[in-house]
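Asks: Residue numbers (the numbering used here): 106 to 165.
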């Protein structure tokens with residue numbers, strides 16, 4: 106994100122809405138990871154996804 110270069114491919118035909126969005130984590134936000142565990146996001150976490158769900162979380 107810092108360099109403006111995507112690091113993961115996305116298929117726009119499979120994204121809901123107008124495309125990919127990036128946002129900062131909300132205070133106290135949690136997600137369920139692939140291992141089924143609920144994890145609290147850090148204050149410097151950033152997520153990307155579409156209009157329905159997040160699909161990638163970056164934690165600095």
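Yeah, the Cβ is synthetic: ideal placement off N, Cα and C, and Gly gets one too.
Bear in mind that the values here come from a model prediction, so they are computed numbers and not experimental data.
State whether the region 115-124 contacts the region 138-150, with contact taken as three or more CB pairs (one from each stretch) at a distance under 8 Å.
Replies: In short, these stretches do not touch, since the Cβ pair count stays below three.
Asks: Taking only three categories from DSSP, how would you classify residue 156?
Replies: Reduced to three states, the DSSP call for residue 156 is coil.
Asks: Could you spell out the range, first to last residue, of the beta strand (DSSP E) harbouring residue 135?
Replies: 135-137 is the span of the beta strand (DSSP E), which, as asked, contains residue 135.
Asks: So, at 8 Å on beta carbons, what are the nonlocal neighbours of residue 159 in its own chain, with the 5 sequence-adjacent residues on each side left out?
Replies: Excluding sequence neighbours, residue 159 sits near 136, 152, 153.
Asks: Do residue 144 and residue 138 have their CB atoms nearer than 8 Å?
Replies: It is a contact, given that the beta carbons lie within the stated cut-off.
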